[in-house]
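Peer 1:
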Amino acid sequence: MAATKQVHLDTPAPSRSTAKDWQARVGRALLWLGVIIAVVWTLFPFIWAVRTSFMTQVEALSPVFIPWVQFTPTLANWDAELNLGGRETFLALRNSVIIAVGATVVACTIGTLTGYALGRFQYKIGNSNIISWVMSQRFMPPIATLIPIFIVIQTLKLLDTHVGMIIVNTTFVIPFAILIMRDFFADFPDEIEEAAVVDGASPWQVFWRVALPLATPALTAAAIICFAFAWNEFLFASVLATREAKPYTYLVASTSTARGVHFPYLATRMMIAITLPVILSLFVQRYIVRGLTFGAVKG
Amino acid sequence: MYRKNRMGLFFLLPGVIWILAFTIFPLLYSLALSFTDRQLARPTSGQFIGFENYSKVFQGIASSVIDTRSEQGQAFFGAGASAVDVRVGETIPTTIFLTLGSTLLTLLLGTGIAWLFNHDFAGLRIFRSVMTMPLFAAPVALGFMGLILFNEQSGIINTVIKAVTGGQWVPWFSQPWPARTAVLLLDTWQWTPFVFVVVLAAMQSIPTELYEAARLDTRNSWQLFSRITLPLILPALGTIGMLRLVETFKILDIPLSMLGGGPGSATQTYSYYAYQVGLKNFQMGYGSALGYVLVIVCIIISTLYFRRMRSRYDQPKQG
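Residue numbers (our numbering), protein chains in the order written: chain C, 25 to 323; chain Y, 12 to 330.
Rendered as structure tokens:
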């Protein structure tokens, strides 16, 4: 994303007439307007949810939004969710953290090994074939694997347990870990590792002492992306973990939304569900493009 | 580095075993299940019934075009016309609308926004980061966002519409097409940033010299875009178009948490119905068949994607 690669569509051209100068300025202004609209379109729903979460139901139903001027912010909803309704919320959030962290650790451990393998070694079966299998997880509709996985998890007596949920979520996020790490190792110059080999290091030592420490930034990004997707997973949780190991997304989905929906309450739950992954995403900007397209587009 | 070493297998195996166990095996198991009448509650079920489930699925899909109660329907479906699972058919318009609608809208909006951001201005990085935030919000929670924003009486969207039109409002939750549109807009809102970042990356990899040369001939932004930018980002657009198609076939979280598939079954997607059949009603054989039809569609689309990837991944080392 180097600034030098930016296209100067409107700035440099030396203008002869003021008419052209004026045109360029209008173009610039329109450009800014477009950018602002895009940013507002993206941020507005978040802002609106934050606003609603600090309101009473009556206020939430009116089109006001300026805090302290048009309405007095209240912490009642957050208090109700975190303190009064506390136990259920707390347990669900704890489950979400355990499941997402567990899945991230397993996926990144295996993903780093496999990514290193695919980036550094050549296999008879064909590296691209192996990668197609890896990616098929992301392409297949989860519906198709949900039923057999339910039967497998049930057979292993892992229904409604953290272990079961960690296995399932690892399966979902492992393609991200494998492909991000593969890309990193494939782009990574060989010379450093070759030097270690010359010094008599074993393949494992080369990996563990040389390659892995240098891979920390990519590994962090892979971990954040895995964590966010495991945290957001709902479909499998709704089938495999509906009581003891119920994560927050399932709690959110089972909120009663019958008549007389309480907006501030919904907004608060929504904010709790999305804040952590959304904030974390701000740290993985460099890896989003490659990570989410599985390397099909370089970013 | 072309390394051929036993250690290579050691590094590769954990991942391969995991994928064989939890991705490939379930897919095969599901294929096997789809030829049986397996139901959770019935221990005697699980008999091989051939293509019966599949014919039920395809008849159901056909019922979206041919009314089973019409004369044509009687002729087409024969004696079993009344037994056709019309609920499958009902999901087809919704699924097609959401899949094509969301793919096209996100591609259009994402490309437009990427074009805007592909200019040199201050604060680009911060804005770009802000733009990607929706990607990481849980879709289930976005259903709530929809409930708040689209609420018929007091949602902000209808408030604005009322102010502009002088009292008219859109029945987002009680009429089928407005409800589908609300789901479409939420999904579009979430995934436009994805197209945006990918297309922006593709645009930024175009050499500046190309623009400099072209600017000798024209200063028209549209011509620069349509003659240089667009042809060069087309491969990237094709790739994400396929990814978006496959992803939107899976839409389920947003309609489920926003309206529970309602009003009626208006926002019930094909995936959502397969989920209900397989895991709420526990008709696992039929549910697997429903899922597998979607697998076949996804395989067709992803084969195109993989073909594009193949050249890149065959070499351990790539540019």
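We put the CB at the ideal spot given by N, CA and C, even for glycine.
1. Determine which residues share a DSSP beta bridge with Q50/Y and list them.
2. Compare the C-beta of G51/C with all C-beta atoms of chain Y and state if any pair is closer than 9 Å.
3. Which partner residues does P91/C have in the DSSP bridge list?
4. Would you check if the distance between the CB atom of M295/Y and the CB atom of L119/Y is smaller than 9 Å?
5. Which residues in the same chain as S75/Y place their Cβ atom closer than 6 Å to its Cβ, once the five residues preceding and following it in sequence are excluded?
6. Taking one C-beta from the region 220-228 of chain C and one from the region 292-310 of chain C each time, how about it: are there three or more such pairs within less than 8 Å?
7. Looking at the C-beta of Y316/Y, does it have a partner C-beta in chain C at a distance below 9 Å?
8. Taking 9 Å as the threshold (beta carbon to beta carbon), is A104/C in contact with chain Y?
9. Pull up the CB-CB distance for G139/C and I202/C, whole angstroms please, since I reckon it's below 8 Å.
10. Need the endpoints of the alpha helix (DSSP H) that F163/C sits in, please.
11. I307/Y: which of E215/C, F163/C and M79/C sits nearest, CA to CA?
12. Have a look at G224/C, F212/C and F253/C and flag the residue whose alpha-carbon is nearest the alpha-carbon of L238/C.
13. Can you have a look at R283/C and say buried or exposed, based on whether 16 or more other CB atoms are within 10 angstroms of its CB?
14. Tell me the DSSP secondary structure of H130/Y in three-state form.
15. May I ask you to report which of helix, strand or coil DSSP gives F293/Y?
16. Using 10 angstroms around the beta-carbon of K181/C, count the other beta-carbons present and answer buried if the total reaches 16, otherwise exposed.
17. So, for L195/Y: in the same chain, excluding its five sequence neighbours on each side, which residues have a beta-carbon less than 8 Å away from its beta-carbon?
18. Using a Cβ-Cβ distance under 9 Å, would M164/C count as near chain Y?
19. Using a Cβ-Cβ cutoff of less than 6 Å, which residues in the same chain neighbour Y272/C once the five nearest sequence positions on both sides are dropped?
20. Restricting to Cα atoms, I'd like to know which of M156/Y, G298/Y, F207/Y and R80/Y is closest to W126/Y.
21. Identify, in the order they occur along the chain, each residue of the same chain with its Cβ nearer than 6 Å to the Cβ of S86/C, setting aside the five sequence neighbours on each side.
22. Can you check whether the C-beta of Q146/C is within less than 9 Å of a C-beta belonging to chain Y?
23. Within 10 Å of its beta-carbon, does S7/Y have 16 or more other beta-carbons around it, so buried, or fewer, so exposed?
24. By Cβ distance below 7 Å, which residues in the same chain neighbour A291/C in space, the five residues on each side in sequence not counted?
25. Comparing the C-beta of L38/Y with each C-beta of chain C, is any distance below 9 Å?
26. When the Cα atoms are used, what is the spatial distance from I30/Y to T194/C?
27. Quick one: which residues of the region 243-258 of chain C get their C-beta closer than 8 Å to a C-beta of chain Y? List them in chain order.
28. In the structure shown, what three-state DSSP assignment does I212/C receive?
29. Between the Cα of S56/Y and those of G273/Y, R191/Y and D48/Y, spot the shortest distance and give me the residue it belongs to.
30. Considering only C-alpha positions, which residue in the set G135/C, L170/C and R52/C is nearest to I260/C?
31. Residues of chain Y with a CB under 7 Å from the CB of L306/C: which are they?
32. Could you check if P246/Y is buried or exposed, using at least 16 other CB atoms within 10 Å of its CB as the buried criterion?
33. Tell me, please, which residues DSSP counts as bridged to F59/Y.
34. With three or more C-beta pairs closer than 8 Å as the rule, is the region 120-139 of chain Y touching the region 56-70 of chain C?
35. Taking contact to mean at least 3 C-beta pairs separated by less than 8 Å, is the region 245-252 of chain C in contact with the region 21-41 of chain Y?
36. Can you tell me which of the three DSSP states F317/Y falls into?
Peer 2: Put simply:
1. Here residue 50/Y refers to the residue found at position 39 when the second sequence is read from its first residue. R53/Y.
2. Against the first sequence, residue 51/C aligns to sequence position 27. Interface residue, yes.
3. Position 67 of the first sequence, counted from the first residue, corresponds to residue 91/C. Per DSSP, F95/C.
4. By 1-based counting over the second sequence, the position of residue 295/Y is 284. By 1-based counting over the second sequence, the position of residue 119/Y is 108. For M295/Y and L119/Y, no; Cβs fall outside 9 Å.
5. Position 64 of the second sequence, counted from the start, is the residue given in the question as residue 75/Y. If we look at S75/Y and ignore the five residues flanking it on each side, its Cβ neighbours are G100 and I103.
6. These segments do not touch.
7. The sequence position of residue 316/Y within the second sequence is 305, counting from 1. Y316/Y counts as touching chain C.
8. Locating residue 104/C in the first sequence gives position 80, counting from the first residue. It does not; no Cβ of chain Y falls within 9 Å.
9. To locate residue 139/C, count along the first sequence from 1; it is residue 115. To locate residue 202/C, count along the first sequence from 1; it is residue 178. Indeed they touch by this definition, with Cβ atoms about 5 Å apart.
10. The sequence position of residue 163/C within the first sequence is 139, counting from 1. Element bounds for F163/C: N151 to F163.
11. By 1-based counting over the second sequence, the position of residue 307/Y is 296. When only C-alpha atoms are compared, the closest one is F163/C.
12. Indexing the first sequence from 1 puts residue 238/C at position 214. Taking only the C-alpha atoms, the option nearest L238/C is F212/C.
13. Here residue 283/C refers to the residue found at position 259 when the first sequence is read from its first residue. Its pLDDT being 48, under 50, R283/C is placed unreliably by the model, and nothing is read from it.
14. Residue numbering aside, residue 130/Y sits at position 119 when the second sequence is read from its first letter. Residue state, collapsed to three classes: strand.
15. Translated into the one-based positions of the second sequence, residue 293/Y becomes position 282. Residue state, collapsed to three classes: coil.
16. Stepping through the first sequence from its first residue, residue 181/C is reached at position 157. Classification of K181/C: exposed, given that the 10 Å Cβ count is below 16.
17. Your numbering for residue 195/Y matches position 184 in the second sequence. Excluding residues within five positions, the ones whose Cβ falls inside 8 Å are F108, L109, G112, S113 and L116.
18. As a working mapping, residue 164/C is identified with position 140 in the first sequence. M164/C counts as touching chain Y.
19. Start at 1 with the first residue of the first sequence, and residue 272/C comes out as number 248. These residues qualify, in order along the chain: A116, L117, S120 and A297.
20. Reading the second sequence from its first residue, position 115 is the one you call residue 126/Y. It is F207/Y whose Cα lies nearest to the Cα of W126/Y.
21. In the first sequence, counting from the first residue as 1, residue 86/C sits at position 62. For S86/C, where only same-chain residues beyond five positions count, there are no Cβ hits under 6 Å.
22. One-based indexing of the first sequence puts residue 146/C at position 122. With 9 Å as the cut-off, Q146/C counts as an interface residue toward chain Y.
23. The structure shown does not extend to residue 7/Y, since chain Y is modelled only from 12 through 330, so no value can be given for it.
24. Taking the first residue of the first sequence as 1, we reach residue 291/C at position 267. The residues are A73, T76 and S77.
25. For the purposes of this step, residue 38/Y is taken as the residue at position 27 of the second sequence. So, interface residue.
26. For the purposes of this step, residue 30/Y is taken as the residue at position 19 of the second sequence. For the purposes of this step, residue 194/C is taken as the residue at position 170 of the first sequence. Computed Cα separation, rounded: 10 Å.
27. A252, W255, N256 and F258
28. Here residue 212/C refers to the residue found at position 188 of the first sequence. A small correction: the amino acid at residue 212/C is Phe; Ile does not occupy that position in the sequence shown. F212/C: coil per DSSP, three-state reduction.
29. Position 45 of the second sequence, counting from 1, holds the residue named residue 56/Y. Residue D48/Y is the option with its Cα nearest to S56/Y.
30. What you label residue 260/C is simply residue 236 of the first sequence in a count that begins at 1. A small correction: the amino acid at residue 260/C is Phe; Ile does not occupy that position in the sequence shown. With distances taken between Cα atoms, F260/C lies closest to L170/C.
31. As a working note, residue 306/C is residue 282 in the first sequence. Simply S140.
32. The residue given as residue 246/Y occupies position 235 in the second sequence. Exposed, since its Cβ has fewer than 16 Cβ neighbours within 10 Å.
33. The count along the second sequence starts at 1 and reaches residue 59/Y at position 48. Beta-bridge pairing links F59/Y to T47/Y.
34. yes
35. Contact between the region 245-252 of chain C and the region 21-41 of chain Y is absent, because fewer than three Cβ pairs lie under 8 Å.
36. As a working note, residue 317/Y is residue 306 in the second sequence. It is helical.
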